[in-house]
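A short worksheet on the structure shown next.
Chains as they are written, first to last, in the UniProt record's numbering: chain A, 1 to 282; chain B, 1 to 336.
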């Protein structure tokens, strides 16, 4: 598979010799730098947006060059960023599996990127919401439950009305998603904080049985309790008329979602499917 | 498309490896007694995380060993500086063990990136406080290494703008490819102008005066009222900025009673860009430029146009230079 080749290529470029040099690090040009700058500004981007951004950077800085395959392009950049403990990480939205990319810090055990934009009490509010989300069955925490914790916040006293606005700020900055008065983590937060969450909440954290990544929203087996992301369910049970739990082999009790990656922009249709699904999960 | 299983396993392995190295780094840092992580890193971990407690008493006792470790790395520094362009590998966790400075460089880079995104000036005091801390005596070395990384990876140049107060700023090298866009130096730092340029852009590059005032009024800037920053706003935007060629102010054709409209002045086109203005507006609304799809498209096209124009200008200059060179060469070889 293409991806395998790219991975292998990257590893052979990694140094076995001590001398440094351009070959080891991959080649960074202004195209890559502009790409990094713009990705950084956006925080998180969906794949189609990333591709468009990549083409734009070529057009601005190097029209004659052939546009590198996206995966190689990103691996190239990541090999230069390695020594800075930063990387462009790829993930997927939990509700419909759209690939997303973000520039994340690897070397932190918490959320330093948020820390510079929010006050102490705001960060604590986020932490409270995060805990509720992780502890919940559905991956959603209700606005009411979050706001009820406002008295326990560190730092300056925050009123509920204020807290509502702070929650909206989190949504605008793509740390949280709001759906019908409930909040869950934005794919940006999942990408940036997966490590932190796994280290901080090792008992409460949920993992997908298929991709072994952090799971906030998903389906679970009613018999043995294993969980899977919706897109992982869709892929695993694709065209399987009798879906069974991969762990205990019991009949899988939930509706199998169907995602068409080509139609990723038609959020309207997928949202409609999602709403009917959610009521039947967990 | 979703990643294959093998690719994911490899990625996971790499992540786990990175985590182990970070763990090793942290241990190295603890033993080198750089007590306490930066406040930004601790922000959320205060409550539950066990890993990140500042160990101040230990710090005092083992600071001597830290100095010893640091002086030991000086010889390494010399050898390493010969490989000028090579970024330090994270795979070499043994290297990081011996080089606690590296951790500070990483922290400083992250700090600088945050400051760049918020378009805030950077003071030496802040850098010491949030990133460098105990290694203040190595400030210059850490700064130098961090600047190299910023330039190599992000195309951002760290420049000292105030040598007395030690204030720095990050300049985007990518926009200065032929020195034609020194926007931050020449453009008056007036948010007022940026907002007016933004309104004009959003109204299809020509905005009726009433609509400009509508927006300014929402920000507490009124035509008839003296403003504590901008003075006389009406004079500023209809006269001063027009004279400076940042704005055009003209009567709407055949308007009776006369109405007026604003357009970008030629100096605005020269010193800034639609993308910059859009970035400014996005920041005000706590969002990103691509949240305004049609304007984002237009701004992207504008960027590409400018790049084409720059390339063409470079080609012209190159052609003229080589023509001149040829003329000179021929006049020497064929004396008349």
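For each residue, glycine too, the CB sits at the ideal point set by N, CA and C.
Validate contact between the region 75-87 of chain A and the region 195-213 of chain A using beta carbons, cut 8 Å, 3 pairs: no
C-alpha distance - residue 235/B paired with residue 280/B, whole-angstrom precision: 23 Å
Residue 148/A, DSSP secondary structure in three states: coil
Whole-angstrom distance between residue 208/B and residue 82/A, CA atom to CA atom: 51 Å
Residue 121/B (DSSP reduced to helix, strand or coil): coil
Cβ-Cβ distance between residue 231/A and residue 97/A below 8 Å: yes
Contact check, residue 39/A vs residue 45/A, beta carbons under 8 Å: yes
CB of residue 135/B within 8 Å of CB of residue 107/B, strictly: no
Bridge partner(s) assigned by DSSP for residue 220/A: 227/A
Inter-stretch contact (C-beta, 8 Å, three-pair minimum) for the region 147-160 of chain A and the region 187-204 of chain A: no
Proximity below 8 Å, CB of residue 122/B to CB of residue 132/B: no
Residue interval of the beta strand (DSSP E) (run including residue 161/B): 156-162
Residue 46/A: first and last residue of the uninterrupted beta strand (DSSP E) it sits in: 44-46
Proximity of residue 141/A and residue 129/A at Cβ, strictly below 8 Å: yes
Residue 154/B Cβ short of 7 Å to the ligand FMN heavy atom set: The ligand FMN is absent from the structure shown, which contains no ligands of any kind.
Chain-ordered chain B contacts of residue 172/A [CB-CB under 8 Å]: 286, 287
Option in 134/A, 163/A, 33/A with minimal Cα separation from residue 147/A: 163/A
For residue 89/A and residue 234/A, the rounded distance between their alpha carbons: 22 Å
Residue 115/B, buried or exposed, once every other Cβ within 10 Å from all chains shown has been counted against 16: buried
Proximal chain B residues relative to residue 42/A, where beta-carbon distance stays under 7 Å: 288, 290
In DSSP terms, what residue 168/B is bridged to: 122/B, 160/B
Burial state of residue 316/B (16 or more Cβ within 10 Å): exposed
Rounded separation between residue 121/A and residue 113/B - CA only: 24 Å
Short CB-CB distance (under 8 Å) between residue 148/B and chain A: no
Given 8 Å, three or more beta-carbon pairs between the region 317-324 of chain B and the region 285-305 of chain B: no
Pairwise C-alpha distance: residue 202/B and residue 33/A: 28 Å
Three-state secondary structure (DSSP) of residue 68/A: coil
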